[in-house]
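S.K.:
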Amino acid sequence: MTVMEQRGAYRPTPPPAWQPRTDPAPLLPDAEPYRVLGTEAAAQADPELLRRLYAQLVRGRRYNAQATALTKQGRLAVYPSSTGQEACEVAAALVLEERDWLFPSYRDTLAVVARGVDPVEALTLLRGDWHTGYDPYEHRVAPLCTPLATQLPHAVGLAHAARLKGDDVVALAMVGDGGTSEGDFHEALNFAAVWQAPVVFLVQNNGFAISVPLAKQTAAPSLAHKAVGYGMPGRLVDGNDAAAVHQVLSEAVRHARAGGGPTLVEAVTYRVEAHTNADDATRYRVDAEVETWREHDPILLLEREMTARGLLDDETRQAARDDAETLAADLRARMNQDATLDPMDLFDHVYAEPTPQLREQRAQLRAELDAEKEGTH
Amino acid sequence: MTVMEQRGAYRPTPPPAWQPRTDPAPLLPDAEPYRVLGTEAAAQADPELLRRLYAQLVRGRRYNAQATALTKQGRLAVYPSSTGQEACEVAAALVLEERDWLFPSYRDTLAVVARGVDPVEALTLLRGDWHTGYDPYEHRVAPLCTPLATQLPHAVGLAHAARLKGDDVVALAMVGDGGTSEGDFHEALNFAAVWQAPVVFLVQNNGFAISVPLAKQTAAPSLAHKAVGYGMPGRLVDGNDAAAVHQVLSEAVRHARAGGGPTLVEAVTYRVEAHTNADDATRYRVDAEVETWREHDPILLLEREMTARGLLDDETRQAARDDAETLAADLRARMNQDATLDPMDLFDHVYAEPTPQLREQRAQLRAELDAEKEGTH
Amino acid sequence: MTTVAVKPATMAQALTRALRDAMAADPSVHVLGEDVGTLGGVFRVTDGLAKEFGEDRCTDTPLAEAGILGTAVGMAMYGLRPVVEMQFDAFAYPAFEQLVSHVARMRNRTRGRMPLPITIRVPYGGGIGGVEHHSDSSEAYYMATPGLHVVTPATVADAYGLLRAAIASDDPVVVLEPKRLYWSKDAWNPEDPQTVEPIGRAVVRRSGRSATLITYGPSVPVCLEAAEAARAEGWDLEVVDLRSLVPFDDETVSASVRRTGRAVVVHESGSFAGPGGEIAARVTERCFHHLEAPVLRVAGFDIPYPPPMLERHHLPGVDRILDAVARLQWEAES
Amino acid sequence: MTTVAVKPATMAQALTRALRDAMAADPSVHVLGEDVGTLGGVFRVTDGLAKEFGEDRCTDTPLAEAGILGTAVGMAMYGLRPVVEMQFDAFAYPAFEQLVSHVARMRNRTRGRMPLPITIRVPYGGGIGGVEHHSDSSEAYYMATPGLHVVTPATVADAYGLLRAAIASDDPVVVLEPKRLYWSKDAWNPEDPQTVEPIGRAVVRRSGRSATLITYGPSVPVCLEAAEAARAEGWDLEVVDLRSLVPFDDETVSASVRRTGRAVVVHESGSFAGPGGEIAARVTERCFHHLEAPVLRVAGFDIPYPPPMLERHHLPGVDRILDAVARLQWEAES
Ligand SMILES: Cc1ncc(C[n+]2csc(CCOP(=O)(O)OP(=O)(O)O)c2C)c(N)n1
Ligand SMILES: Cc1ncc(C[n+]2csc(CCOP(=O)(O)OP(=O)(O)O)c2C)c(N)n1
Ligand SMILES: [Mg+2]
Ligand SMILES: [Mg+2]
């Protein structure tokens with residue numbers, strides 16, 4: 002007879018120190034992603050919230066399209082689009098209070114914009130000029146983070162520090178399905194749970210890490226099932242259902258703010274575009290797959306629900322579209338201006354005070370540039 | 002109404018790609034550590050196995066005592082004792098076939114010895130002379146590993162390679178409760194599950210990472226609960242119950258060998274001695290705690306069971322004791338001989354062929370040593 | 005042996021060919037990394053390998069660099085020859101502990117019993133307009149780690165030769181692939197076995213008598229260009245391409261500097277505690293009395309790699325190299 | 005201000021005192037690491053801090069170095085001044101990506117808006133009979149990473165001063181603590197504010213006219229001993245203790261070498277691509293015409309740090325330093 006077959010058959014005297022400190026059951030995710038739109042739960046959704054989400058999704062979709070277009074015009078060095086993932090991006094920004102902090106990954110400029118950062122500043126890094134653009138303290142948005150999952154411990158540390166200082170601040174950190182495989186994901190979640198830090202981890206499971214599909218990334222029943230291993234609740238949500246993502250994240254934020262500690266939220270979504278404009282997605286996936294997801298588009302799902310409930314008249318649609326166009330036009334106009342950069346900046350922020358060595362190097366570049374200007378080179 | 006309250010109330014249409022690929026239920030550990038000794042399950046235990054375990058535990062205890070004594074005599078640079086954890090150490094070695102591989106952490110010299118490595122060679126590293134002593138290929142034991150959890154991906158890679166080559170080989174990797182917090186633990190378990198590699202991860206949860214108690218290490222219901230997040234079974238076992246550890250590990254090894262993939266086993270045990278001879282455990286724990294564990298000593302538990310079943314006569318006891326004394330005497334005698342080391346070895350194994358730079362440095366040291374010998378320095 | 009026309013090929017193609025030939029020649033060669041399988045790598049260096057050799061031989065791993073290198077260690081322990089791709093320079097950092105504490109030391113820790121024939125391919129350096137963390141020159145870290153070989157090709161033929169040599173080596177080899185040379189083309193005959201170079205030999209790419217430019221990888225073409233430009237100033241510059249940073253070819257380098265009496269080390273990596281310091285120091289130790297001037301360094305600034313729009317100011321270019329050559333105290337001589 | 009007798013103290017005690025004073029002076033200073041709380045650290049440097057300031061100010065973390073440094077980054081983002089302890093040199097490697105890709109760059113990435121005043125304490129180096137992975141000299145890695153300050157004390161007073169300065173710095177500072185000097189004693193007055201040294205200044209520990217020994221950390225006492233022994237050979241050696249590897253005090257070092265005309269760099273770290281290469285190169289660049297001989301290096305061998313029973317052969321000792329001094333081409337002069 003094996004251990005598994007014997008389950009429940011024995012009543013052992015456990016070793017002295019043994020005591021299950023947490024009941025695992027409430028930490029486990031539901032069997033299926035939570036949904037609101039198209040379900041009974043939708044009846045309880047606040048119409049105002051739905052309208053707000055709708056406007057933001059439309060705006061977000063337009064933003065993604067515009068940014069992608071800017072890569073073609075050579076105005077952006079690279080753009081990782083979040084088309085199809087707008088529900089997650091937008092909800093992540095909307096559930097936070099002003100005093101809270103957002104920790105975006107490199108794909109999450111839309112969340113950054115939805116939080117209030119000027120799109121031109123949000124795109125500064127991807128434009129190829131000064132690094133992370135926006136002032137992180139202005140909107141409490143950490144710099145876009147490229148090394149995957151490395152922003153997660155930052156979010157934990159910040160949330161922990163805020164709690165130590167007695168501030169009522171929650172940090173929401175975003176990461177991809179691929180990023181969950183990194184050691185930093187593990188360490189961050191563990192620190193968060195041990196410290197009971199007010200953090201919400203939002204995993205956007207968009208099916209791919211560049212070309213690598215989820216099945217090669219993990220064998221877990223779901224990414225949300227990782228939560229129980231840290232002693233925090235794991236929640237699974239339909240990432241294209243803006244109302245559901247908003248609700249689940251709101252609850253997680255509330256839970257964190259109330260001192261309940263961190264939550265891991267897995268939002269099941271899909272990366273409709275290629276990894277970035279530089280990627281060729283046809284090398285690793287078929288159009289048919291993308292098509293099934295177009296049927297499950299976040300804007301479509303929300304429109305259906307709102308239409309059924311009479312919340313979406315032409316005026317609302319038009320207003321959302323106009324707002325999106327204004328954003329796009331402004332972005333286009335300003336991104337089409339050449340950025341002016343001062344090469345001397347290269348030396349000014351390496352340290353609070355440049356080292357003697359950097360001062361020498363600065364002088365060297367200064368001299369070179371002056372010579373260049375004078376045409377002596 | 003919150004998501005949690007609504008559980009089961011909704012029947013959402015999941016996003017297209019969604020399908021739970023694994024049923025989580027069988028991956029979750031039992032609520033309490035599995036035990037054999039003193040329970041009904043003991044009736045099924047093979048008397049021969051119990052006798053073998055008993056002899057090994059007694060031997061292991063003596064080995065630990067002798068090694069600790071050698072530190073006091075300056076014959077070992079340091080010794081991390083596994084006193085109190087002998088059931089895990091011994092079972093880890095006994096469940097493996099000759100062709101299998103053992104990946105010990107720095108505390109697991111007893112497992113290495115139980116696998117058949119000469120104790121003097123197993124202690125070479127801790128003695129302070131040539132590095133990892135034994136030939137890893139002789140008994141298929143990886144070098145003792147000090148950087149915590151870094152041996153786990155090695156075990157995964159080796160098991161994966163064996164499987165690719167069509168070899169019927171299982172790797173068993175040992176790690177401490179503290180080691181589970183490292184990123185390498187996470188990455189190793191994930192790779193193992195994705196690759197369905199034939200690996201067994203044995204976590205000896207001995208309550209401490211040096212001075213840090215488990216409660217500061219994790220908030221999880223148990224360390225075995227981490228398994229579901231990788232999609233592998235997690236098993237919880239009383240680490241002081243040699244029969245239980247042996248059974249659970251045997252099943253995991255069988256499962257792996259049969260192509261079922263990896264298992265995470267958490268053995269709940271206790272580090273009875275200080276972290277190493279250099280540590281002062283009184284700074285972070287009270288004697289009373291140690292005492293409760295002495296009542297739950299692995300040898301005691303096994304003796305009780307065997308006595309009750311008439312499997313432990315004086316002869317058996319004496320034979321075990323004699324065998325242990327022989328080991329200790331031999332170890333003492335050989336460790337008390339000064340090791341002879343050739344400093345030239347320092348250069349010979351950095352690369353297959355020393356670089357020109359190393360040849361120069363080798364010549365320099367040679368000249369210095371010659372000069373020393375001739376007394377010119 | 006069939007005669008194959010010498011055709012232009014890119015460095016990326018030569019690397020692919022090296023992997024393919026190595027995999028065909030030795031079934032124990034396995035490629036693993038992020039996106040190396042179906043996609044063929046973000047730089048397409050592993051293009052076609054999964055198809056030709058199967059996913060078990062060219063494997064898309066989970067996204068975890070320490071895991072990739074750590075499992076490669078285990079695979080090597082079992083007799084395989086893993087070739088690991090780190091997607092970009094900075095994304096090799098998560099694997100640093102595995103690299104330093106295991107990969108570089110396993111042979112030594114086991115008195116030679118457990119060698120680790122692992123090849124670690126790292127696309128490195130700037131000049132491709134990459135955003136932050138995509139253009140680091142990380143060679144100093146690898147050079148300072150005993151137990152690793154470190155090579156970096158500057159030509160298409162060397163790309164093939166060094167990668168084959170790395171895979172054939174019984175020791176771990178870090179192959180630093182200059183990203184901005186991936187698409188550089190050379191006439192190259194892939195059937196020519198001569199293209200397999202032994203690790204550890206520098207090569208004089210251009211002979212000259214006035215001064216030696218000591219360089220490697222992405223800076224080699226820049227130095228050759230500078231040498232051409234220098235003719236106008238009356239300098240006849242020798243250009244030494246190191247190819248192998250570890251082991252270091254003191255013989256070739258010192259011979260050149262003894263001949264010319266002057267030297268400039270050129271690399272993209274930052275100057276402070278970068279490769280140039282070591283090179284300048286050892287050249288000076290060996291050639292002191294032949295030196296008419298101190299060995300100078302032209303290197304990246306000691307700053308985090310700059311954004312695309314400013315990288316041209318950072319990268320050592322022809323002008324900066326000529327400025328350094330001009331500072332080699334020519335007056336002192338005449 | 006009360007007058008306190010100058011009493012002997014160990015370097016470990018001075019470090020503890022520095023942490024305590026910094027924590028008392030500034031509530032935003034937080035200590036975190038493995039075993040730093042209840043145990044007081046494996047070297048007892050954080051002894052008593054958890055008791056005095058509470059576990060929220062001196063925190064035993066889970067066992068994960070990237071997590072420790074990564075959460076410290078977040079804490080610093082929120083205005084705290086984390087002081088992180090890495091238990092041993094080699095156990096800082098898991099945090100390498102956080103260090104290089106974030107800690108060293110956050111100020112720069114954000115144009116100065118998000119400085120990270122993090123102190124990273126790393127007990128380093130050998131000589132204490134530690135088993136493998138417990139005796140690495142990892143300074144080359146840190147020096148090659150722009151954005152980090154790197155300091156290392158050689159005296160009890162400097163241990164206090166440099167650690168206080170590191171914590172006070174608005175930039176990340178790696179404080180390399182020489183393990184084998186932890187128990188070294190000096191007469192030291194903890195109440196003397198003079199003991200807080202600014203980062204970036206080397207100091208002449210012993211004046212001399214024949215040649216300069218340039219050194220730091222654990223090798224300073226060895227060099228002083230060598231200088232004493234050298235008197236018998238007729239050499240009057242100057243000993244410069246760098247104290248700060250980044251920024252580097254070119255002024256003090258160059259001034260000394262210009263005076264003496266000869267120099268040897270001494271450190272435990274491996275020679276190849278180690279700190280000595282940089283130091284020799286920059287000294288040569290600056291003092292070429294004052295040099296009677298090439299700047300030589302006495303360093304650890306280019307091997308993984310050896311086991312306890314062999315480490316004495318590896319560590320630069322008095323004899324090896326004197327051998328190098330003897331090779332400084334004295335004949336050439338006379
Ligand atoms: C540490 C690290 N390794 C590798 C990369 C290169 N890289 C950039 S994006 C990406 C895939 C990320 O996948 P996922 O986490 O699922 O996020 P998504 O792109 O789907 O939003 C990779 C491998 C990186 N940025 N950081
Ligand atoms: C990467 C790394 N960090 C820190 C250490 C220092 N260290 C050695 S043992 C130890 C505690 C280990 O605890 P655990 O994993 O529970 O194993 P145990 O000692 O209880 O067997 C620590 C922190 C190390 N060896 N490796
Ligand atoms: Mg993804
Ligand atoms: Mg433990």
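Chains as they are written, first to last, in this note's numbering: chain A, 2 to 378; chain B, 2 to 378; chain C, 5 to 338; chain D, 5 to 338. Glycine included, C-beta positions come from ideal geometry on N, C-alpha and C. What you are looking at is a predicted structure, and each value in this text was computed from that prediction instead of being measured.
Could you tell me the distance, in whole angstroms, from the CA atom of C:Pro176 to the CA atom of B:Glu296?
M.R.: So the two alpha carbons sit approximately 50 Å from each other.
S.K.: Which chain D residues are close to A:Asp136, counting only those with a beta carbon under 9 Å from its beta carbon?
M.R.: The answer, in chain order, is Thr114, Arg115, Arg117 and Met118.
S.K.: Quick one, which of D:Leu23, D:Asp51 and D:Pro182 has its alpha-carbon nearest D:Ile132's?
M.R.: Checking every option, the nearest Cα to that of D:Ile132 belongs to D:Pro182.
S.K.: Do A:Arg286 and ligand 3 come close, with the Cβ less than 8 Å from some heavy atom?
M.R.: No, ligand 3 has no heavy atom inside 8 Å of this Cβ.
S.K.: Anything in the segment 222-241 of chain C with a Cβ closer than 8 Å to a Cβ of chain D? List those residues in chain order, please.
M.R.: If the cut-off is 8 Å between Cβ atoms, the segment 222-241 of chain C has nothing near chain D.
S.K.: Please report whether the beta-carbon of B:Gly179 lies at a distance below 9 Å from any beta-carbon of chain D.
M.R.: For B:Gly179, the answer is yes, since a Cβ of chain D falls inside 9 Å of its Cβ.
S.K.: Mapping the DSSP letters down to three states, classify B:Ala92 as helix, strand or coil.
M.R.: Helix, per DSSP.
S.K.: Taking 7 Å as the limit between beta carbons, can you name the residues of its chain near C:Gly265, skipping five residues before and five after?
M.R.: Hits under 7 Å: His294, Leu295 and Glu296.
S.K.: Taking Cβ positions, are B:Ala244 and B:Asn206 nearer each other than 9 Å?
M.R.: No. Outside cutoff.
S.K.: Using a cut-off of 7 Å between C-beta atoms, extract the partners of D:Met147 located in chain C.
M.R.: In chain order: Phe276 and Ala277.
S.K.: Quick check: does the Cβ of A:Ile211 come within less than 8 Å of any heavy atom belonging to ligand 1?
M.R.: Yes - ligand 1 has a heavy atom lying nearer than 8 Å to the Cβ of A:Ile211.
S.K.: Applying a beta-carbon distance threshold of less than 8 Å, which residues of chain D neighbour B:Phe348?
M.R.: Simply Phe305 and Ile307.
S.K.: Closest Cβ-Cβ distance between A:Ile300 and chain C: below 9 Å?
M.R.: By this cut-off, A:Ile300 is not an interface position.
S.K.: What in chain B is Cβ-close to C:Ala330, meaning under 8 Å?
M.R.: Residues of chain B passing the Cβ test: none, with the nearest at roughly 32 Å.
S.K.: Cβ of B:Leu149 within 8 Å of any heavy atom in ligand 2?
M.R.: Yes; taking the cut-off as 8 Å, the Cβ of B:Leu149 has a heavy atom of ligand 2 nearer than that.
S.K.: Where does A:Ala279 land, buried or exposed, given buried means 16+ other C-beta within 10 angstroms?
M.R.: Result: exposed.
S.K.: I'd like to check one pair, A:Leu145 with A:Met336: are the Cβ atoms closer than 9 Å?
M.R.: Their beta carbons are not under 9 Å apart, which means A:Met336 does not touch A:Leu145 by this criterion.
S.K.: Assuming C:Leu185 contacts C:Met15 under a Cβ cut-off of 8 Å, what Cβ separation, rounded to an integer in Å, is found between them?
M.R.: With 8 Å as the limit, C:Leu185 and C:Met15 qualify as a contact, their Cβ atoms being about 5 Å apart.
S.K.: Tell me where the alpha helix (DSSP H) around C:Ser223 begins and ends.
M.R.: Unbroken alpha helix (DSSP H) run through C:Ser223: Ser223 to Arg235.
S.K.: Tell me the rounded alpha-carbon separation between B:Ala88 and B:Leu54.
M.R.: When rounded, the distance between both Cα atoms is 8 Å.
S.K.: So which residues of chain A does B:Val157 contact, with C-beta pairs closer than 9 Å?
M.R.: Result: empty, since nearest Cβ-Cβ is about 13 Å, beyond 9 Å.
S.K.: Go through the segment 77-154 of chain A residue by residue and report every complete run of the beta strand (DSSP E) that reaches 3 residues or more, in order.
M.R.: Runs of the beta strand (DSSP E) inside the segment 77-154 of chain A: 102-104.
S.K.: Strictly below 9 Å CB to CB, what residues from chain B border A:Glu188?
M.R.: Ser182, Glu183, Gly184 and His187, listed in chain order.
S.K.: Who are the near neighbours of D:Ala163 in its chain, counting only those whose CB is closer than 6 Å to its CB and skipping five residues on each side?
M.R.: Excluding residues within five positions, the ones whose Cβ falls inside 6 Å are Met15, Ala18, Leu19 and Pro157.
S.K.: Can you list, in chain order, the residues of the segment 115-130 of chain A whose Cβ is nearer than 7 Å to any Cβ on chain D?
M.R.: From the segment 115-130 of chain A, no residue has a Cβ closer than 7 Å to chain D.
S.K.: Candidates A:Phe192, A:Pro120, A:Ser106 and A:Leu153: which alpha carbon is nearest D:Leu36's?
M.R.: When only C-alpha atoms are compared, the closest one is A:Phe192.
S.K.: Is A:Asp178 near ligand 3 - that is, is its Cβ less than 8 Å away from at least one heavy atom of it?
M.R.: Yes.
S.K.: So, is B:Gly75 buried or exposed, given that buried needs 16 or more other C-beta atoms within 10 angstroms?
M.R.: The residue is exposed, with fewer than 16 neighbouring Cβ atoms inside 10 Å.
S.K.: Can you give me the C-alpha to C-alpha distance between A:Lys217 and C:Gly71, rounded to a whole angstrom?
M.R.: Going from the Cα of A:Lys217 to the Cα of C:Gly71 covers about 14 Å.
S.K.: I need the straight-line Cα distance from B:Pro30 to B:Arg284, nearest angstrom please.
M.R.: Rounded to the nearest angstrom, the two C-alpha atoms are 33 Å apart.
S.K.: If the cut is a Cβ gap below 7 Å, which residues of chain A does B:Thr293 touch?
M.R.: Chain A residues near B:Thr293: Pro17.
S.K.: Where does D:Asp25 fall in DSSP's three states?
M.R.: If DSSP states are grouped into helix, strand and coil, D:Asp25 belongs with the helices.
S.K.: Using a threshold of 9 Å, state whether the C-beta atoms of D:Leu73 and D:Leu103 are closer than that.
M.R.: Yes, the pair counts as a contact, with Cβ atoms nearer than the cut-off.
S.K.: Answer yes or no: does any C-beta atom of chain B fall closer than 9 Å to that of C:Leu84?
M.R.: Interface residue, yes.
S.K.: Is any beta-carbon of chain A found at less than 9 Å from that of B:Pro105?
M.R.: With 9 Å as the cut-off, B:Pro105 does not count as an interface residue toward chain A.
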